[in-house]
Amino acid sequence: MSSYTITENEMEAIATGGAFLGTGGGGDPYIGKLMAQSAIAQHGSVKVIPPEDVPDDWLCVPVCMMGAPTVMVEKLPSGDEAGRALEQLEAFLGRKADALICIEAGGLNSTIPFAVAAATGLPLIDGDGMGRAFPELQMVSFTMQGVAATPMVITDEKGNSSVINAISNLWTERLARSQTVEMGGAALVALYPMSGAEVKKSILRNTLSLIFEIGSIITGERSENRNPAAALIERLNGKRLLTGRVVDIERKTEGGFARGQATLKGMDDDEGRTFKVNFQNEFLIALNDKDEALAVTPDLICALDADGGLPVTTEQLRYGLAITMMGLPCDAQWRTEAGIKLVGPGYFGYPQAYTPLEELPL
Amino acid sequence: MYRLGIDVGGTNTDAVIMRDREVLAGFKAATTQDVTTGVIEALEGAIGKCGVDRAQIDKVMIGTTHFTNAVIERKHINPVAAIRLGLPATACLPPMVDWPAELRTAAGDNGYLVRGGYEFDGREIAPLDEEELDRICDDINVRKTKVASISSVFSPINQEMEKTAREHLLRKCPDLSVVVSSDIGRIGLLERESAAIMNASLLALSERTVDAFASALESAGLNCAFFITQNDGTLMGAEMVKRFPVLTFASGPTNSMRGAAFLTGERDGIVVDIGGTTTDVGALQHGFPRQAATVVDIGGVRTNFRMPDVFSLGLGGGSLVRRSDDGEVTVGPQSVGFRITSEARVFGGDTLTATDVAVARGEADVGDGSRVTDLDPDTIEKAREAITMMLQRAVERSRISPEPIPVIAVGGGSILMPEKLADLDVVRPENFAVANAVGAAIAQISGEVDRIYSLENGLTRETCLKQAEEEATKKAVASGASPETIETIEREDVPLAYLPGNATRIHVKVVGEMGGSDAVAAG
């Protein structure tokens, strides 16, 4: 891989691919896409560089949004929050950042770093810390490789900011989460400052190129009036889990997270079958009529609208909606013991054990 | 007493006269440039057909696509002072940022950002900057702008700041018309704000159009109240439409689906509206069209209006039937459209259309059947098969359960519909050709609440839903619904992701019959 640039128009594909890898969560990338497009129009395109081209002594910083995407669609950012977070982190560390990182290649956070990269002129490294969307900030490959989330800076649009130093990445999540609520439910953060050497060790590679490619496949297939599911499954080495209509949806909020279960009645090839899908912001477990798991987190469960072919979020699920779900294998780092402990079914409170997608029934 | 329903579409203006649940007469006329002439022709046609005493018509309901078409065609759009209260938040994406350039230019491309707005929990982001509003007033007076929109962050949870700002503007610019976003939309700032700006830009047109309807009715000797249908199949008074033209967007498909529900008495089913060129397919749930889940574009602008989930396919009475060299037969999507009455075989033309196929098979009796007796039987059979397959696939897409629900065929082209589609029975109501005017005639009054609640201090989900229901009922009654007919048709809560404190977004909608009405709607 070599470096390349992302233009204003190409942000469409990034946003569509990001919505897909959001695995039902992470918020609609639309706002971040508009922010990135306006920053690119003003400052020029974003340079994306492969991790292997990053010098070991560079300072590389992930920037992202934290909090409720539902708040962000109403209270749009001022636009300088992330830049201020980055500046204050630089001031705290006493040196300038050399590159930016996308922490989450799914949902709103797949597009936000492009806006910051365009505004600061810094390159963005081709990769991320999740390879999908996850709800908490310690759920990244950086944690697995021993990179500390702090020092971290959190800012809001009003001009408030604070520096957090925590004893663990889990504590960082707790402290930052409560500040986010006080700041009005959504905040911008710069965290996990790391060296180029640490980037090469911990980042999930080429995921920005991947979401761009996924977005292009979705757009291309739709323009040919084909549902993109088949093409995506082939390209991403995935598995079709089900096609069905939502016939029941049960939601509750526990500990600040939207949990729920959708029941789907199979259609087309799955006529006569019933499925259940558990979600907590993201889709986490898909089960068949015998209650056997079809796919389990951290493997990815992605949904497309069966009619229109666009990615569907858990917040859009409603009675009667027809979707096609597919499972995709997660990054190998997530399949280790430490990975399962961090983001496996047990952490989310499900009784099922993790079994890789490839070994599960259909 | 009688009611008159009128549907002003892009091509046809239809009128029906109803007494209680009975359709007395329907009439189809061509839509005219001035709107008025077509409306008069249609309503006189319907009145003449059944011979009712027009003094006995006490309510008129009109459905129209006039305002949607204005946005799509970028016509009759006025410049707007688009004011947003939210700084320091929201600065990165100014008003109209995601509009097509030519529509933004038509609407004046004139956005203002002002300090103010609320957090999700009702705290102020910043106090309202009244000095900045003064400067904007000066600018409005200099530019002679006639309309303004105000959108505050989280105004759906608290309208106060939008109202204060409106009063402030009106003190300095007394002739200004001001639209506030909380009167129009739900959570989602850009979408709600865009709707408010579009609404403001259409105010002059809506004033003219509503007056044209009024004068058409008056010149026909109808001096009763009249109402206009909104996108969810419920009614607004004519004065409300002058203030909120955007709420009529997408009322066309809604009316035809509601009309289909009414004419058949079905509450659940698939409605297939077959026209000359296209077919719209949508699902009915509890007598109302099922709503689309994803955002809806109007003229290239993202909005969060609730619109029926309608799937369109290129099949209609005028669809071209063609046979390729290898014997394959295709139907549509090309169509002779409104020229069907001169170009189709049965009407004396020489183009083979879907209508000719239906006549040749004896399934329809229109035009001159002797002109299709010599057609190749294999082509006819294959065309019939292709039409059935297209309709069957579209119906399966919209089907919401394996239950055997009816398929309801309406629209002028519904002669193409077979007796049965796979395992589903097809119902063909009387007056199928004017189903949308019937839908307008039977529309109801609604009230809606969409807000974020914090489930703390003993406040439960059930209490909040109940509160929301009571508030929605009050709104419906205030708009003219009779309290004893109120029924809840939407009731949902979506817990807000990633936030502790159990914040939840509750959406409730109730509908009721128009007060003082002797008519009863579907079901």
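The listed protein sequences derive, respectively, from chains A and B.
The first sequence lines up with residues 1 to 362 when you count with the numbering used here.
The second sequence lines up with residues 1001 to 1523 when you count with the numbering used here.
Just so it is clear, CB atoms sit at the ideal spot from N, CA and C, and this is done for glycine as well.
Mind checking which residues open and close the beta strand (DSSP E) that includes B/R1003? Note, B/R1003: beta strand (DSSP E), 1002-1008.
With a threshold of 8 Å on Cβ separation, who are the neighbours of B/L1222 within its own chain once the five nearest residues in sequence on each side are excluded? L1004, L1043, R1054, I1057, V1060
How far does the alpha helix (DSSP H) with A/F279 in it extend, from its first residue to its last? Note, A/F279: premise wrong, no alpha helix (DSSP H); beta strand (DSSP E) at 274-280.
Which residue or residues does DSSP assign as beta-bridge partners of B/H1507? B/D1450, B/E1492
With 7 Å as the limit, tell me which residues of the region 75-106 of chain A have their beta carbon closer than that to any beta carbon of chain B; keep them in chain order. K75, L76, P77, S78, G79
Short CB-CB distance (under 8 Å) between A/S162 and chain B: no
DSSP state of B/D1326 mapped onto helix, strand, coil: coil
Spatial distance of B/D1034 from B/M1390 (CA atoms): 37 Å
Just to confirm, is the Cβ distance from A/A133 to A/E12 under 8 Å? no
What is the residue span of the beta strand (DSSP E) that B/C1464 lies within? Unbroken run through B/C1464 is the alpha helix (DSSP H), 1461-1478; no beta strand (DSSP E).
If distances are taken between C-alpha atoms only, which option among B/G1348, B/P1095, B/V1080, B/K1028 comes closest to B/V943? Chain B is shown only over 1001 to 1523; residue 943 of chain B falls outside these bounds and no answer can be derived.
The alpha helix (DSSP H) that contains B/Y1112, what's its start and end? Per DSSP, B/Y1112 belongs to no alpha helix (DSSP H); it is in the beta strand (DSSP E), 1111-1115.
Report the residue from A/E271, A/E74, A/G344 whose alpha carbon sits nearest the alpha carbon of A/A353. Of the listed residues, the one whose Cα sits closest to A/A353 is A/G344.
Who are the Cβ neighbours of A/S141 in its own chain at under 6 Å, not counting the five residues just before and after it? Contacts found: G129, S202, L204, Q333.
Under 8 Å between C-beta atoms, does B/G1188 make it to chain A? yes
Within 10 angstroms of its Cβ, does A/E358 collect 16 or more other Cβ (buried), or is it exposed? exposed
Just to confirm the assignment: which complete alpha helix (DSSP H) runs, minimum length 4, are found wholly within the region 105-147 of chain A? 112-120, 141-144
Residues that B/P1088 contacts on chain A, provided the C-beta gap is smaller than 8 Å: Close to B/P1088, with beta-carbon spacing below 8 Å, are these residues of chain A in chain order: S78, E157, K158, G159.
Examine chain A for any beta-carbon lying closer than 8 Å to the beta-carbon of B/L1093, and answer yes or no. yes
Do you know whose CA, among B/S1335, B/V1329, B/A1394, B/V1426, lies nearest B/I1405's CA? B/V1426
Can you tell me whether A/D305 is helix, strand or coil according to DSSP? Correct three-state label for A/D305: strand.
Would you mind telling me which residues of chain A sit closer than 8 Å to B/E1119, beta carbon to beta carbon, in chain order? K75, G184, G185
Spatial neighbours of B/V1520 in its chain, beta-carbon cut-off 8 Å, leaving aside the 5 residues before and after: In this prediction, B/V1520 has a pLDDT of 36, which is less than 50 and means its spatial position is unreliable; nothing more can be read from the coordinates.
Roughly how many whole angstroms lie between the Cα atoms of B/G1282 and A/A338? 49 Å
Pairs of beta-carbons, one from the region 86-96 of chain A and one from the region 54-61 of chain A, closer than 8 Å: are there three or more? Segments in contact, yes.
Please list the partners that A/L34 has in chain B, where partner means a Cβ-to-Cβ separation under 9 Å. Contact note: A/L34 reaches chain B through C1092, L1093, V1097, D1098, L1190, using a C-beta cutoff of 9 Å and chain order.
Looking at B/D1450: is its Cβ nearer than 8 Å to the Cβ of B/I1187? yes
Exposed unless 16 or more other CB atoms sit within 10 angstroms - verdict on B/D1014: Here B/D1014 is buried: its Cβ has 16 or more other Cβ atoms, across all protein chains shown, within 10 Å.
Is B/G1314 helix, strand or coil by DSSP? coil
By Cβ distance, which residues of its chain are closer than 7 Å to A/L76, with the 5 residues on each side in sequence left out? I31
Selected residue, minimal CA-CA separation from B/G1265, among B/R1115, B/K1146, B/I1408, B/G1117: B/I1408
Using DSSP with H/G/I as helix, E/B as strand and the rest coil, what is B/A1521? Model confidence at B/A1521 stands at a pLDDT of 36, short of 50, so the residue's coordinates are unreliable; what they give is reported in the following sentence. Coil.
Residues of the region 1112-1145 of chain B in Cβ contact with chain A at a cutoff of 9 Å, in chain order, please. Those residues of the region 1112-1145 of chain B that come within reach of chain A (Cβ to Cβ, closer than 9 Å) are G1117, Y1118, E1119, F1120, D1121, R1123, I1125, A1126.
Residue from B/D1350, B/R1339, B/A1250, B/E1381 whose Cα sits closest to the Cα of B/E1363: B/E1381
According to the Cβ coordinates, are A/I112 and A/M65 closer than 8 Å? yes
For B/V1080 and chain A, any beta-carbon pair shorter than 8 Å? no
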